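Here is the structure we will look at, set down as structure tokens.
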Amino acid sequence: MGATTDLGAALLAILPEIGLAVLATVVLALDLMWPESRRRNLSVVAGVGLLLLALVPLLVYPGSPATPEGLYWGGMVRHDVLSQLFKVMILVAAGLTSLMAVDAKGVGRKGEFYVVLIVSTLGMTLMSSAGDMIMAFLALETTSIPLYILAAFKRGDERSAESGLKYFLFGSFASAILLYGLSLLYGFTGQTSLYHIAQYLTSEAFANNPLPVLGTLVMVIVGFGFKISAVPFHFWTPDVYEGAPTPVTAFLSVASKAASFALLVRFLVAVFPSSLVIGTQEIQNFWVQLFSASALISMTLGNVVALAQRNIKRLLAYSSIAQAGYTLIGIAAIQSTSADGSAQAVAAVGFYMFMYVFTNILAFAVVILFSEATGSETIADLAGLSRRNPFLALMMTLALLSLAGVPPAAGFFGKFFLFQAAVQSGLTWLAIVGVLNAIVALYYYLVVIKVMYVDRSPDEDKPIAVSGAYTWVMGITGVAVLLIGTVAAQPIFEWAVRGAAALFAL
Amino acid sequence: MVPLWMFLAVAAGVFCIGAYGVLSRRNAVAILMGVELMLNAVNINLIAFWRYVEPLNMAGQAFAAFVFVIAAAEAAVGLAIIISVYRSRRSVIVEDVDMLKW
Numbered sequence: 179m180g181a182t183t184d185l186g187a188a189l190l191a192i193l194p195e196i197g198l199a200v201l202a203t204v205v206l207a208l209d210l211m212w213p214e215s216r217r218r219n220l221s222v223v224a225g226v227g228l229l230l231l232a233l234v235p236l237l238v239y240p241g242s243p244a245t246p247e248g249l250y251w252g253g254m255v256r257h258d259v260l261s262q263l264f265k266v267m268i269l270v271a272a273g274l275t276s277l278m279a280v281d282a283k284g285v286g287r288k289g290e291f292y293v294v295l296i297v298s299t300l301g302m303t304l305m306s307s308a309g310d311m312i313m314a315f316l317a318l319e320t321t322s323i324p325l326y327i328l329a330a331f332k333r334g335d336e337r338s339a340e341s342g343l344k345y346f347l348f349g350s351f352a353s354a355i356l357l358y359g360l361s362l363l364y365g366f367t368g369q370t371s372l373y374h375i376a377q378y379l380t381s382e383a384f385a386n387n388p389l390p391v392l393g394t395l396v397m398v399i400v401g402f403g404f405k406i407s408a409v410p411f412h413f414w415t416p417d418v419y420e421g422a423p424t425p426v427t428a429f430l431s432v433a434s435k436a437a438s439f440a441l442l443v444r445f446l447v448a449v450f451p452s453s454l455v456i457g458t459q460e461i462q463n464f465w466v467q468l469f470s471a472s473a474l475i476s477m478t479l480g481n482v483v484a485l486a487q488r489n490i491k492r493l494l495a496y497s498s499i500a501q502a503g504y505t506l507i508g509i510a511a512i513q514s515t516s517a518d519g520s521a522q523a524v525a526a527v528g529f530y531m532f533m534y535v536f537t538n539i540l541a542f543a544v545v546i547l548f549s550e551a552t553g554s555e556t557i558a559d560l561a562g563l564s565r566r567n568p569f570l571a572l573m574m575t576l577a578l579l580s581l582a583g584v585p586p587a588a589g590f591f592g593k594f595f596l597f598q599a600a601v602q603s604g605l606t607w608l609a610i611v612g613v614l615n616a617i618v619a620l621y622y623y624l625v626v627i628k629v630m631y632v633d634r635s636p637d638e639d640k641p642i643a644v645s646g647a648y649t650w651v652m653g654i655t656g657v658a659v660l661l662i663g664t665v666a667a668q669p670i671f672e673w674a675v676r677g678a679a680a681l682f683a684l
Numbered sequence: 005m006v007p008l009w010m011f012l013a014v015a016a017g018v019f020c021i022g023a024y025g026v027l028s029r030r031n032a033v034a035i036l037m038g039v040e041l042m043l044n045a046v047n048i049n050l051i052a053f054w055r056y057v058e059p060l061n062m063a064g065q066a067f068a069a070f071v072f073v074i075a076a077a078e079a080a081v082g083l084a085i086i087i088s089v090y091r092s093r094r095s096v097i098v099e100d101v102d103m104l105k106w
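So the protein sequences, as listed, match chains L and G.
Convert by adding 178 to the 1-based position in the first sequence; the result is the number in our numbering.
Convert by adding 4 to the 1-based position in the second sequence; the result is the number in our numbering.
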């Protein structure tokens, strides 16, 4: 499969990335020119700019006459519906994060915060469209290195510095292992394009010995497992989520995870497809087993440990480990015998991430407002929130119900599609474990809701003010969560199915 | 000519030394050095594979050049974070950095 050489189409295919680079420069320049009093507007410039850029993948859609689906830039970038879906959700997540960073202390008025955030977003959009190992690795690091900076962004805050250090040490170790795996893949095949490796792996050179390929696969999974915080590579997650500035935690938990799932799905389907058999070992069977086990343990561990949490950010961290577990059910369900079933599984992963972006941003918007107003992140201190600000309590309830998978919130359809894909692929046991876990999870989400609505607190007469940007963020995400949970579920799932079909139509 | 497996053996050795350093050292700077060793092992791999497997296609060399760049960026950011931790904690021993626990 050759890459398109038409320069105009190639430039259009990376238009969102070009826009991000321009936006980063603009924000940096405005930061220098504006006096201290106007820096607050940087958040609006970055946020609205990112949200507008989220429209670009929809306008310059893959398959349009100007930009046919396919490989661009010598095979580095793959322009297809799957990358479109993930680019939209990543850009929306980044835009909403910028908007809700505005009043966060030590973060919101600093131009460099938004610049680093935008550069990280640039890496994520490239991750979702990488068609080559070199591009995949570069995009992964363009995402991660700014995220290390963002986690450690509050320089005076010991917890932020510690969170950055932990994220950096674990992250660089995991990416070094991943990179070693990639270098071996290059050695086995002499190819760096994701779409050419598989056909070389099937050659006789391995003399029916699958061990080298399996070892490489494990190294790649270690690298990705770290990024999506799947057990057993999750131990950094609670510490980093708790210590990092809250807008960064929100961004880390949705955008970085979505981009990693996009790259993981593409990598597995392109490099280790179902047709790849070495000796008697079906390679796909091997990674499906690994991911089934990881999904099982991630869900269970995340939910059980979340039960014991007292800090709301740590609770959401363990919840995000559990959510990664649910999403991995979709990855395992790719093993379906029919191509249609595999596409459904990938689509379920895309849909889950799409709804997760809005749900988690909504939850973290409330956490930011609450902690900026009261200086506390403890769940017990949420007591009486419904009387201090009914809107905040309602939005938090909506987000938590969506995370728990209760209709009419978006999470219900997210889990429904994942479990459906699992049953269709013969992984009924995994779907049952998922349902049981959803019940456990419902308990600790309901505890938070109970604290907000039922528990009394001496501070009830101190209302919490909500400024304009936060009203917008919570309004957009709240409406989106309800829409995705009702009328928009079908169109978005069909969009994800088209994306998944593009992934398999090589 | 030196056979390919010798290069790969050296790379695997360097990689293991680096990984051992990451897992066993308590000083954050030493852990960073371990990670750098692992990245250099990757570079040996890439260049050796390029020379022996596919010498006409420059992808392997290009890959190695990008790994240099990433390693440099990672070291710069990592040292900055370590300095920031040292300023507040007066220590770069990872076991002393333990405010965040369940």
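For each residue, glycine too, the CB sits at the ideal point set by N, CA and C.
Because the structure is a prediction, the values reported are computed rather than measured.
Which listed residue (the options) has its alpha carbon closest to that of residue i
i: Leu357/L; options: Ile97/G, Ile85/G and Val46/G; result: Val46/G
i: Pro7/G; options: Ile21/G, Gly82/G and Tyr56/G; result: Tyr56/G
i: Gly663/L; options: Gly646/L, Thr537/L, Thr552/L and Gly604/L; result: Thr537/L
i: Val89/G; options: Tyr326/L, Ala339/L, Glu319/L and Val418/L; result: Ala339/L
i: Leu395/L; options: Phe469/L, Ser221/L and Leu430/L; result: Phe469/L
i: Lys491/L; options: Ser516/L, Thr655/L and Leu547/L; result: Leu547/L
i: Ala667/L; options: Arg287/L, Ile499/L, Leu392/L and Tyr534/L; result: Tyr534/L
i: Phe595/L; options: Tyr631/L, Arg634/L and Gly528/L; result: Gly528/L
i: Leu83/G; options: Ile35/G, Phe11/G and Leu12/G; result: Ile35/G
Straight-line Cα distance separating residue j from residue i
i: Gly301/L; j: Leu316/L; result: 8 Å
i: Phe346/L; j: Val447/L; result: 29 Å
i: Ala408/L; j: Pro416/L; result: 12 Å
i: Phe590/L; j: Val584/L; result: 5 Å
i: Ala76/G; j: Pro390/L; result: 30 Å
i: Gln262/L; j: Gly253/L; result: 17 Å
i: Phe464/L; j: Ala232/L; result: 37 Å
i: Asn567/L; j: Ile642/L; result: 6 Å
i: Tyr292/L; j: Val205/L; result: 7 Å
i: Arg216/L; j: Ser276/L; result: 16 Å
i: Val652/L; j: Leu379/L; result: The identity of residue 652/L in the sequence shown is Met, whereas the question assumes Val. So the two alpha carbons sit approximately 48 Å from each other.
i: Ala680/L; j: Arg256/L; result: 10 Å
i: Arg93/G; j: Val101/G; result: 8 Å
i: Phe11/G; j: Leu27/G; result: 24 Å
i: Ile355/L; j: Thr303/L; result: 23 Å
i: Ile509/L; j: Thr458/L; result: 23 Å
Contacts that residue i makes with chain L (C-beta to C-beta distance below 8 Å)
i: Glu108/G; result: Not covered by the structure: residue 108/G. The range shown for chain G is 5 to 106.
Check whether residue i and residue j have beta carbons under 8 Å apart
i: Leu581/L; j: Val544/L; result: no
i: Val400/L; j: Phe411/L; result: yes
i: Ser306/L; j: Pro324/L; result: no
i: Asn489/L; j: Thr552/L; result: no
i: Ser322/L; j: Ala330/L; result: no
i: Ala599/L; j: Ala678/L; result: no
i: Met573/L; j: Leu540/L; result: yes
i: Gly17/G; j: Leu41/G; result: no
i: Leu274/L; j: Thr655/L; result: yes
i: Ser350/L; j: Leu318/L; result: no
i: Ala500/L; j: Ala609/L; result: no
i: Asp335/L; j: Gly284/L; result: yes
i: Ala15/G; j: Gly38/G; result: no
Buried or exposed (CB count within 10 angstroms, at least 16 for buried), residue i
i: Val33/G; result: exposed
i: Pro423/L; result: buried
i: Trp106/G; result: Note that Trp106/G scores 48 on pLDDT, short of 50, meaning its location in the model is unreliable and no value can be drawn from it.
i: Ile375/L; result: buried
i: Ser453/L; result: exposed
i: Gly393/L; result: exposed
i: Gln592/L; result: A small fix is needed here, since residue 592/L is Gly in this sequence, not Gln. Under this definition Gly592/L is a buried residue.
i: Ala683/L; result: exposed
i: Ala207/L; result: exposed
Interface residues of chain G facing residue i [CB-CB closer than 7 Å]
i: Ile323/L; result: Ala77, Glu78 and Val81
Chain-ordered neighbours of residue i on chain G, where CB pairs are closer than 9 Å
i: Ser476/L; result: Correct list: empty, because the minimum Cβ distance to chain G is about 17 Å.
Closer than 9 Å at the beta carbon, the chain L residues around residue i
i: Arg93/G; result: Glu336, Ala339 and Glu340
i: Asn49/G; result: Tyr358, Ser361, Leu362, Tyr364 and Gly365
i: Asn61/G; result: Gly368, Gln369 and Thr370
i: Val71/G; result: Phe315, Leu357 and Ser361
i: Phe11/G; result: Residues of chain L passing the Cβ test: none, with the nearest at roughly 10 Å.
Cross-chain neighbours of residue i in chain L, by beta carbon under 7 Å
i: Ile35/G; result: Leu347
i: Phe19/G; result: Tyr358
i: Val57/G; result: Gly365 and Gly368
Residue i at chain B interface by Cβ criterion, 8 Å
i: Ser28/G; result: Checking the listed chains, one finds no chain B in this structure; the protein chains it contains are L and G.
Cross-chain neighbours of residue i in chain G, by beta carbon under 8 Å
i: Glu319/L; result: Ile74, Ala77 and Glu78
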